[in-house]
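In my numbering, the protein residues as written are 5 to 547.
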Ligand code: VG1
Ligand code: CO
């Protein structure tokens, strides 16, 4: 064990989900080590405890794992369970932490951000409940990173990550485990695999799951291929690659092109399509030539969960992030259950789940999950939908349309302006902030502002307060516009604008989304002066 002298780096402040930087930033001397040591120094429960370790397979994953193992041994971690080939999806880490009562886990991932030598890398710490470390913890790690002057590391050979076995570094025991088995078992426990399997074996349904060359490939092959006997071509891009095959592992209509093309291929297209992101916590759900908006997906799950074995006792409550549409609120209201509105990021759901206040939660950014773990879960969402299709014997489109018929439709879009100048973005937000009180009562093209504020969240469990989480403008007809800056980007600032409109009239449920929202999109631009300030005519990504 040796102590290595080091000096602090500025900017090791975790964002919405861990520390994300360009690979080249992580490759600077001691950069990774400084941050990992700062985590260890804060997470003293790891001393003498069990730690889970793995990542999404992107470039630098195995290098980071080898380094972290040696540092964990020097720190006094008792045992580390690491995924074979260094692979563990984010939900699998959460599952393992809970199942084996680990003190915490480290996940190497920049999630949906591109990978490879020129791409992004990231590191997240999850606590003993299996969830992302709360802000209080990440702030403390950041503070430590600002004054770090040494780190400890064991002088040892790299371990073999490529097959399952046990070994040790010093007194620390290491188990290289099957990345998939425990997670797949949990899924089998929650859903009716027999009924889903029958969908495939009877030829009623064929599916296409796009793993986007990211971490879910092995999970999808085991679960959809082996355990559920789906059609042989059910999984595409199923081999994890360090650069995700040059793609952008973000499951949306813009980035999962191959999947979308397959689902839109006419009457022979699969009846069900899905994709997940770099680290396996996001999901996109598609029907034949049909897209399910993630906010709608959460609402549909809430309305139907009681039909599935894992949720047959019903739903205690639900939560959604601020920018997620209020489709789920309508369902909660009808069911008479609580619906919480939280800031963006899964860490805010942890307390609500731990305190048994909610069963399901989700975000507009293609994330949904439940109390089975403490992370959002891509494959879980896919299985949820498959189980629902099996129970209802209806197509994805029919399930969604009948939901709209009953609860009304929330047209929803998100416009992202990526990598804009940070100062410009801050000014734009500041300008909105100063308008919050004066906007109330104003009318834009027939839309009257009912309320406008900078969202602040008071956690009902630990009473912590999180301020400045986004500007929300609520109109009298229940339309909404939300503005916020991304906390996961690695270049400049990304401005996100979220727009929704509630329509109950069924005859108006067939409009193209951007058309239905055109007036509100204009209003958002007027109020925030986006085009002029950003110098951009169009958003970079529309979801
Ligand atoms: C984005 C999403 C947010 C999500 C976060 C992490 O954050 O908007 O809903 O929780 O990514 O997801 P931001 O701050 O860029 O808007 V993942 O799958 O990248 O860990
Ligand atoms: Co992710």
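Using N, Cα and C, we set each Cβ at its ideal position, and we do this for glycine too.
Review point. Residue 390: which of 338, 52, 202, 138 sits nearest, CA to CA?
Key: 202
Check your understanding: Got a sec? Which residues, its chain only, sit under 8 angstroms from residue 14 by beta carbon, not counting five neighbours each side?
Key -> 150
**Study point:** Option nearest residue 63 by Cα separation, candidates 218, 378, 211, 94
**Key:** 218
Review point. If you measure from the CB of residue 94, is any heavy atom of the ligand CO nearer than 7 angstroms?
Key: yes
Exercise for review: Find the nearest neighbour of residue 139 within the set 469, 431, 132, judged by alpha-carbon distance.
Suggested key: Answer by Cα proximity: 469.
Check your understanding: Do residue 24 and residue 492 have their C-beta atoms within less than 8 angstroms of each other?
Key -> yes
Review point. Between residue 517 and residue 363, which are expected to be in contact by the criterion C-beta below 8 angstroms, what is the C-beta distance as a whole number of angstroms?
Key: The Cβ separation is near 29 angstroms, so there is no contact.
Exercise for review: Classify residue 431 as buried or exposed, calling it buried when 16 or more other Cβ atoms lie within 10 Å of its own Cβ.
Suggested key: exposed
Review point. What are the boundary residues of the beta strand (DSSP E) that includes residue 486?
Key: For residue 486, the enclosing beta strand (DSSP E) has its first and last residue at 484-489.
Exercise for review: Check whether the Cβ atoms of residue 479 and residue 454 lie closer than 8 angstroms to each other.
Suggested key: yes
Check your understanding: residue 301: beta carbon under 7 angstroms from a heavy atom of the ligand CO?
Key -> no
Review point. CB residue 152 to CB residue 8, shorter than 8 angstroms?
Key: In this structure, residue 8 does not lie closer than 8 angstroms to residue 152 by Cβ.
Check your understanding: Is the Cβ-Cβ distance between residue 354 and residue 94 less than 8 angstroms?
Key -> no
Point to revise | Complete alpha helix (DSSP H) runs within the region 16-46 (minimum length 4 residues, chain order) | key: List check, alpha helix (DSSP H) in window: 27-30, 35-46.
Practice item. Return the CA-CA distance between residue 256 and residue 420, expressed in angstroms with no decimal places. Key: 13 angstroms
Practice item. Please list, in chain order, all residues of the same chain as residue 176 whose beta carbon is under 7 angstroms from its beta carbon, the five residues on each side excluded. Key: 76, 77, 81, 82, 83, 84
Review point. Are the region 375-391 and the region 96-106 in contact at 8 angstroms, needing three or more beta carbon pairs?
Key: yes
Check your understanding: Helix, strand or coil for residue 244 per DSSP?
Key -> coil
**Study point:** CA-to-CA distance, residue 70 to residue 162, given in whole angstroms
**Key:** 6 angstroms
Exercise for review: Using three-state DSSP, classify residue 88 as helix, strand or coil.
Suggested key: Assignment of residue 88 by DSSP, reduced to helix, strand and coil, places it in the strand class.
**Study point:** Inside the region 169-250 only - beta strand (DSSP E) runs reaching at least 3 residues
**Key:** 169-173, 176-181, 211-214
Review point. Hey, is the region 283-303 in contact with the region 319-334, meaning 3+ C-beta pairs nearer than 8 angstroms?
Key: yes
**Study point:** residue 294 vs residue 209 beta-carbon contact at 8 angstroms
**Key:** no
Practice item. In angstroms with no decimal places, state the Cα-to-Cα distance between residue 124 and residue 339. Key: If you take the alpha carbons of residue 124 and residue 339, they lie about 42 angstroms apart.
**Study point:** Contact check, residue 328 vs residue 473, beta carbons under 8 angstroms
**Key:** No; because the gap between Cβ atoms is not below 8 angstroms, this pair is not in contact.
Practice item. Using a Cβ-Cβ cut-off of 8 angstroms, state whether residue 26 counts as contacting chain D. Key: Of the chains in the structure shown, none is chain D; there is only one protein chain.
Point to revise | Length at least 3, wholly inside the region 424-507: the beta strand (DSSP E) runs in chain order | key: 451-458, 475-479, 484-489, 497-507
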